[in-house]
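Colleague: Chains as they are written, first to last, in the working numbering: chain A, 65 to 284; chain B, 65 to 284.
Note that CB positions come from ideal geometry on N, CA and C, so glycine has one too.
Following this message is one structure expressed as structure tokens.
Protein chains: 2
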Amino acid sequence: MAQKSEQTRQLVADVALKMFREIGFEKTTMRAIAQEAGVSVGNAYYYFASKDELVQELYIQVQDEHAVVAAQALENVQDLAGRLKAVLHTGIDVMAPYHQFGSDFIATAIRPSSPVNPFGEASTAAREASLAIFRSAVEGSSPAVAKKLRGDLPELLWLAYMGVALFWVYDRSEGQRRTRKLINGAAPLVARGLSLAKIPGVSKVFDDVLGLVRTVKEDS
Amino acid sequence: MAQKSEQTRQLVADVALKMFREIGFEKTTMRAIAQEAGVSVGNAYYYFASKDELVQELYIQVQDEHAVVAAQALENVQDLAGRLKAVLHTGIDVMAPYHQFGSDFIATAIRPSSPVNPFGEASTAAREASLAIFRSAVEGSSPAVAKKLRGDLPELLWLAYMGVALFWVYDRSEGQRRTRKLINGAAPLVARGLSLAKIPGVSKVFDDVLGLVRTVKEDS
DNA sequence: ACTCGTTCTTGAACACGTTCAAAACTTCGC
DNA sequence: GCGAAGTTTTGAACGTGTTCAAGAACGAGT
Numbered sequence: 065m066a067q068k069s070e071q072t073r074q075l076v077a078d079v080a081l082k083m084f085r086e087i088g089f090e091k092t093t094m095r096a097i098a099q100e101a102g103v104s105v106g107n108a109y110y111y112f113a114s115k116d117e118l119v120q121e122l123y124i125q126v127q128d129e130h131a132v133v134a135a136q137a138l139e140n141v142q143d144l145a146g147r148l149k150a151v152l153h154t155g156i157d158v159m160a161p162y163h164q165f166g167s168d169f170i171a172t173a174i175r176p177s178s179p180v181n182p183f184g185e186a187s188t189a190a191r192e193a194s195l196a197i198f199r200s201a202v203e204g205s206s207p208a209v210a211k212k213l214r215g216d217l218p219e220l221l222w223l224a225y226m227g228v229a230l231f232w233v234y235d236r237s238e239g240q241r242r243t244r245k246l247i248n249g250a251a252p253l254v255a256r257g258l259s260l261a262k263i264p265g266v267s268k269v270f271d272d273v274l275g276l277v278r279t280v281k282e283d284s
Numbered sequence: 065m066a067q068k069s070e071q072t073r074q075l076v077a078d079v080a081l082k083m084f085r086e087i088g089f090e091k092t093t094m095r096a097i098a099q100e101a102g103v104s105v106g107n108a109y110y111y112f113a114s115k116d117e118l119v120q121e122l123y124i125q126v127q128d129e130h131a132v133v134a135a136q137a138l139e140n141v142q143d144l145a146g147r148l149k150a151v152l153h154t155g156i157d158v159m160a161p162y163h164q165f166g167s168d169f170i171a172t173a174i175r176p177s178s179p180v181n182p183f184g185e186a187s188t189a190a191r192e193a194s195l196a197i198f199r200s201a202v203e204g205s206s207p208a209v210a211k212k213l214r215g216d217l218p219e220l221l222w223l224a225y226m227g228v229a230l231f232w233v234y235d236r237s238e239g240q241r242r243t244r245k246l247i248n249g250a251a252p253l254v255a256r257g258l259s260l261a262k263i264p265g266v267s268k269v270f271d272d273v274l275g276l277v278r279t280v281k282e283d284s
């Protein structure tokens, strides 16, 4: 049989994620998780050093699902706008069950000390996975994106995705309709905006933006 | 003599802000604040319904100072890039003493339920004050900003400012050098980018961006 | 001076996330 | 089988933000 240990870990994680979805982050107390899972509080802490780590579990799971669903959605779409839409919409899709809990999630994720912080070290793997989705969206698009943009674009789009996620968290409209609208409107605009890179005057500005991004990124 | 009540309130607020600056958000416990101020814990709660409200006090104070310092810095600067730089740099200046505490501040501010949430109702006044700074930066600039942009630009710049603040929080470089660099690089780029609005092909994209912003803003 | 209503102040109590020493259980060499 | 070493589990305890019933201080009217 599967390791008893691993079984307990899974049990705690499953119960926690279920409760996150059903009653939200704050109401899901460690004591409640333990009781529902039929273990002691201390035992839950044996597997997860903090409540934050349970959130990380959720983050990873959502990320994994996004990768799968997005890859599927990208299969028959060629143009950049469509591919962007696909990636963003599927992202929102997989997060949807956790919407009410989203703000607490973000509040947790945003502190540098958190293991869930998307910019932090503890979630390098998850971030890379997410970045890979955007890279594939950019690279697989035809007509192709201007070569000089191709390198940095995925990262910038991922950053924009973080912004969309933030918007989604605050979106109180029914079914987060406004976020959908934002995606549908912004994706084609980004694509069109990028195509302007051919215009000489614009091209220079683009170059400087990229230069700035690179400068700031590598500290120095 | 000044109201005893108001005196106590000020005392608690002053002690709290001082401790925030000196030992950070988490180490500044309500009990410690109360003890340092020579009042009971319950008494502190009589004036501030939560620790968050003490953060709001800080937010308002920082905002007020920014308004003053920014107005001064704008006095002899005409071009948009320079005016943007002035507003952003002074913003970072007034926040500087609280840098180490910044991440907790953001984590607090970002939850919709928080009184400090910059998008929320409880801080409408503070947000308006901040927005006013950007409006004055845009309106007072010469050469003037394209008319069709003038209405929405301050709000978009304010949004970008929130992004800069976020970057600043994560900026671990000495004296937040990287944030300064980002501002110095981005401000002229924004100004140059806006001047592209005259180019016909670009103009259309700009129109659509503004249209999207408006659509999303007013829900519908 | 005395009362009544309001404002201010107190400190014990609550639920929470988290810690930890000790107990229970497992595994493995022999 | 047996004991030792490791792994897993327990629940009481700590410090935190927050609440609240009770009391103290104050002010105005008589």
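1. Would the beta-carbon of B:Ile247 fall within 9 angstroms of that of A:Ile263?
2. So is A:Tyr162 in contact with chain B if we call contact Cβ pairs under 9 angstroms?
3. Pick helix, strand or coil for B:Pro179, following the three-state DSSP scheme.
4. If we cut at 9 angstroms on Cβ distances, does B:Met65 have a partner in chain A?
5. Considering only C-alpha positions, which residue in the set B:Glu139, B:Gly265 and B:Tyr162 is nearest to B:Gln125?
6. If A:Leu81 and A:Leu138 are in contact, beta carbons under 8 angstroms, what's the gap, nearest whole angstrom?
7. Can you confirm whether the region 220 to 228 of chain B touches the region 192 to 204 of chain B when touching is taken to mean that 3 or more C-beta pairs between the two stretches lie within less than 8 angstroms?
8. The region 179 to 190 of chain B: which residues have C-beta closer than 8 angstroms to a C-beta of chain A, in chain order?
9. Taking the Cβ atom as the reference point for each residue, do B:Val119 and B:Gly166 lie within a distance shorter than 9 angstroms?
10. Taking Cβ to Cβ, would you say A:Ile170 is nearer than 9 angstroms to A:Arg244?
11. Work out the CA separation of A:Ile87 and B:Arg241 for me, nearest whole Å.
12. Can you find a C-beta in chain A that's less than 9 angstroms from the C-beta of B:Ser194?
13. I'd like to know whether the C-beta atoms of B:Arg101 and B:Val133 end up nearer to each other than 9 angstroms.
14. Quick one: what's got a C-beta closer than 7 angstroms to B:Val209's C-beta in the same chain, skipping five residues either side?
15. Rounding to the nearest angstrom, what Cα-Cα distance links A:Lys281 and B:Phe231 in this structure?
16. With 9 angstroms as the threshold, decide whether the Cβ of A:Ile174 is near any Cβ in chain B.
17. A:Tyr110: buried (16+ other C-beta within 10 angstroms of its C-beta) or exposed?
18. Pick helix, strand or coil for B:Ile263, following the three-state DSSP scheme.
19. In the structure shown, what three-state DSSP assignment does B:Ala135 receive?
20. Which word fits A:Gln127, buried or exposed, when buried means at least 16 other C-beta atoms lie within 10 angstroms of its C-beta?
21. Any Cβ of chain A within less than 9 angstroms of the Cβ of B:Lys149?
22. Taking 9 angstroms as the CB-CB limit, is A:Gly239 close to chain B?
23. Quick one: Cα of B:Ile97 to Cα of B:Ser114, how far?
24. I need the straight-line Cα distance from A:Gly106 to A:Arg95, nearest angstrom please.
25. For A:Ile263, go through chain B and note every residue whose CB falls closer than 8 angstroms to its CB, in chain order.
26. Where in the region 170 to 250 of chain A do unbroken runs of the alpha helix (DSSP H), each at least 4 residues long, occur, reported from the N-terminal end onward?
27. In chain order, what are the residue ranges of uninterrupted alpha helix (DSSP H) at least 4 long that sit wholly in the region 87 to 138 of chain B?
28. Just to confirm my understanding: we take A:Ser267, look at its own chain, exclude 5 residues before and 5 after, and list those with CB closer than 8 angstroms. What are they?
29. What's the C-alpha gap between A:Met65 and A:Asp116?
30. With distances taken from CA atoms, which of B:Pro182, B:Leu274, B:Phe89 and B:Ser194 is nearest B:Thr25?
31. Under the rule that 16 or more other beta-carbon atoms within 10 Å means buried, what is B:Pro182, buried or exposed?
32. Identify, in the order they occur along the chain, each residue of the same chain with its Cβ nearer than 6 angstroms to the Cβ of B:Gln142, setting aside the five sequence neighbours on each side.
Modeller: Once the coordinates are examined:
1. The residue given as residue 247 of chain B occupies position 183 in the second sequence. The residue given as residue 263 of chain A occupies position 199 in the first sequence. Not closer than 9 angstroms, so no.
2. To locate residue 162 of chain A, count along the first sequence from 1; it is residue 98. Not closer than 9 angstroms to any Cβ of chain B, the Cβ of A:Tyr162 fails to qualify, so no.
3. Position 115 of the second sequence holds residue 179 of chain B. Looking at B:Pro179 - three-state DSSP - the assignment turns out to be coil, as it is neither helix nor strand.
4. Taking the first residue of the second sequence as position 1, residue 65 of chain B is located at position 1. A caution first: B:Met65 carries a pLDDT of 45, below 50, which makes its placement in the model unreliable, though a value can still be read off. For B:Met65, the answer is no, since every Cβ of chain A falls outside 9 angstroms of its Cβ.
5. Counted from its first residue, the second sequence places residue 125 of chain B at position 61. Closest option to B:Gln125, Cα to Cα, is B:Tyr162.
6. Along the first sequence, one-based indexing puts residue 81 of chain A at 17. Along the first sequence, one-based indexing puts residue 138 of chain A at 74. A:Leu81 to A:Leu138, Cβ: 27 angstroms. No contact.
7. yes
8. Phe183
9. In the second sequence, the residue the question calls residue 119 of chain B occupies position 55. In the second sequence, the residue the question calls residue 166 of chain B occupies position 102. No, the pair does not count as a contact, with Cβ atoms beyond the cut-off.
10. Here the question's residue 170 of chain A lines up with position 106 in the first sequence. Here the question's residue 244 of chain A lines up with position 180 in the first sequence. It is not a contact, given that the beta carbons lie outside the stated cut-off.
11. By 1-based counting over the second sequence, the position of residue 241 of chain B is 177. By 1-based counting over the first sequence, the position of residue 87 of chain A is 23. Straight-line Cα distance between these residues: approximately 43 angstroms.
12. Numbered from its first residue, the second sequence carries residue 194 of chain B at position 130. So, not an interface residue.
13. Within the second sequence, the letter at position 37 stands for residue 101 of chain B. Within the second sequence, the letter at position 69 stands for residue 133 of chain B. As written in the sequence, residue 101 of chain B is Ala, which differs from the Arg given in the question. The answer is no: Cβ separation not under 9 angstroms.
14. In the second sequence, counting from the first residue as 1, residue 209 of chain B sits at position 145. The answer, listed in chain order, is Leu144, Val202, Leu217 and Leu258.
15. As a first step, residue 281 of chain A is located in the first sequence; it is residue number 217 there, counting from the start. As a first step, residue 231 of chain B is located in the second sequence; it is residue number 167 there, counting from the start. Roughly 11 angstroms separates the two Cα atoms.
16. Translated into positions along the first sequence, residue 174 of chain A becomes position 110. Judged by the 9 angstroms Cβ criterion, A:Ile174 is in contact with chain B.
17. Position 46 of the first sequence, counting from 1, holds the residue named residue 110 of chain A. Exposed, because fewer than 16 other Cβ atoms sit within 10 Å of the Cβ of A:Tyr110.
18. Residue 263 of chain B sits at position 199 when you count from the first residue of the second sequence. B:Ile263 falls in the coil class under three-state DSSP.
19. The residue labelled residue 135 of chain B in the question sits at position 71 within the second sequence. The answer is helix: DSSP assigns B:Ala135 an H, G or I state.
20. Reading the first sequence from its first residue, position 63 is the one you call residue 127 of chain A. So A:Gln127 counts as buried.
21. The residue given as residue 149 of chain B occupies position 85 in the second sequence. Taking Cβ atoms only, chain A never reaches closer than 9 angstroms to B:Lys149, which makes this a no.
22. If you number the first sequence from 1, residue 239 of chain A lands on position 175. So no, A:Gly239 is outside the interface.
23. What you label residue 97 of chain B is simply residue 33 of the second sequence in a count that begins at 1. What you label residue 114 of chain B is simply residue 50 of the second sequence in a count that begins at 1. Looking at the two C-alpha atoms, the distance is approximately 13 angstroms.
24. In the first sequence, the residue the question calls residue 106 of chain A occupies position 42. In the first sequence, the residue the question calls residue 95 of chain A occupies position 31. Between A:Gly106 and A:Arg95, the C-alpha separation is close to 9 angstroms.
25. One-based indexing of the first sequence puts residue 263 of chain A at position 199. Under the 8 angstroms cutoff, chain B gives Ile263, Gly265 and Val266.
26. 188 to 203, 211 to 214 and 217 to 234
27. 94 to 101, 105 to 111 and 115 to 138
28. Stepping through the first sequence from its first residue, residue 267 of chain A is reached at position 203. Only Ala261 meet the Cβ criterion.
29. Along the first sequence, one-based indexing puts residue 65 of chain A at 1. Along the first sequence, one-based indexing puts residue 116 of chain A at 52. Below a pLDDT of 50, predicted positions are generally treated as unreliable, and A:Met65, at 45, falls in that range; the measurement from the model is reported next regardless. Those two C-alpha atoms are separated by around 30 angstroms.
30. With chain B running from 65 to 284 in the structure shown, residue 25 of chain B is simply not present.
31. Residue mapping note: residue 182 of chain B aligns to position 118 of the second sequence, counting from 1. Buried: at least 16 other Cβ atoms inside 10 Å.
32. The count along the second sequence starts at 1 and reaches residue 142 of chain B at position 78. Ser206, listed in sequence order.
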